Amino acid sequence: MTKTLITCGHHPSVYFLEKWLPPASFIYGDASFTAQISVSQQLLLPKVSQPDFIHQLLNICLDNQIESVFAMAAAEQELLAEAVELFEEFNIKLNLPDLISKKHLLKEASLLESLQEAGIQTVPFQTSDSAETFSKACLILGYPTETLAISSAENPGLLWLMDDHLAKTKTAFQGKPVIPFIKAMKLFPNEMLLLRKFHQPTFKTCYAVFTDKKLVSAWNASADEEKLLNQVSEQLNLNGIFEFNFQEKQHLFGLKPFSVI
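Pasting the structure below:
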């Protein structure tokens, strides 16, 4: 049975992986021990801020016969993306995007565009890099009738763009801050933005594990959505755990590597 290390052992949300991953001997790692699980099922790991984090983690894996690693912190995933080949030399599988995949995933607009070109359904979207193109993009997507989601490279968190009068009555929508049209034009005058249509009643989140482009398991996904997950993975060469957002009958809204912190 594969001996698998899951990091961020202090976070209860990582324990769900035992139910959804293929059978394995699971070990949890963190910078200190936790009382939530037995000591025999834990490993002390270096802090991600340590300069030799990668090599310390590699040595720990070798000393404990670890064959597979799921890094559950975003900072760990960012560092280890450049070490995928190093770990593979020692027959240790890092379940996360490599550098090439990670760079592609960070460019949300080009990512959606490439998936569209491959025949994969995505939500309607537009890009903007000025006040003029911002107004045009909003109109194309149906503003002010439609609710739009705005994100940028500098601010990847979503903002909901609403009609100015409606936005005055709300400060948040689905947990994200609301911004009126006029304020958005002033806040993002020359920033590259991605604008997407957002239909809250049909919004759905799924999680999936991939190994070298192949879907291993998926949660909260229908059979049709699993087919779409496989199509996306073929295009992007996915590896690791990902969060997918869909709306309106399997239209892809976005995806990102899954992390607990």
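Here the working numbering = 1-based position in the sequence shown + 40. Just so you know, even glycine gets a beta-carbon here, dropped at the ideal spot from N, CA and C. As the structure is a computational prediction, the values presented were derived from the model and not from experiment.
DSSP state of L61 mapped onto helix, strand, coil: coil
Pairwise C-alpha distance: T74 and S65: 18 Å
Span of the alpha helix (DSSP H), counted from its first residue to its last, around I140: L139 to L146
Coil, strand or helix - F213 by DSSP: Interpretation of F213 is limited by its pLDDT of 48, a score under 50 that renders its predicted location unreliable; the figure taken from the coordinates is listed afterwards. Strand.
Distance between E172 and S53 (C-alpha atoms, nearest Å): 44 Å
Contact check, P86 vs A71, beta carbons under 9 Å: yes
Where the alpha helix (DSSP H) through E122 begins and ends: No alpha helix (DSSP H) holds E122; DSSP gives it neither H nor E.
Three-state class that DSSP yields for C101 in the structure shown: helix
Beta-carbon spacing of K142, E116 below 9 Å: no
For T242, the nearest candidate out of Q76, I106 and L292 (CA to CA): L292
L233, buried or exposed, once every other Cβ within 10 Å from all chains shown has been counted against 16: buried
For H95, three-class secondary structure by DSSP: helix
Beta carbon of K133 nearer than 9 Å to that of T251: yes
Same chain only: Cβ atoms within 7 Å of H239, ignoring 5 sequence neighbours per side: Q287 and E288
DSSP state of L278 mapped onto helix, strand, coil: coil
When F56, A111, C48 and A258 are compared against T245, the one with the closest alpha-carbon: A258
The segment 77-86 contacting the segment 43-59, beta-carbon criterion three pairs below 8 Å: yes
Reduced DSSP secondary structure (H/G/I, E/B, other) of L206: Interpretation of L206 is limited by its pLDDT of 49, a score under 50 that renders its predicted location unreliable; the figure taken from the coordinates is listed afterwards. Residue state, collapsed to three classes: helix.
Among F282, L146 and D169, the one whose alpha carbon lies nearest that of N135: F282
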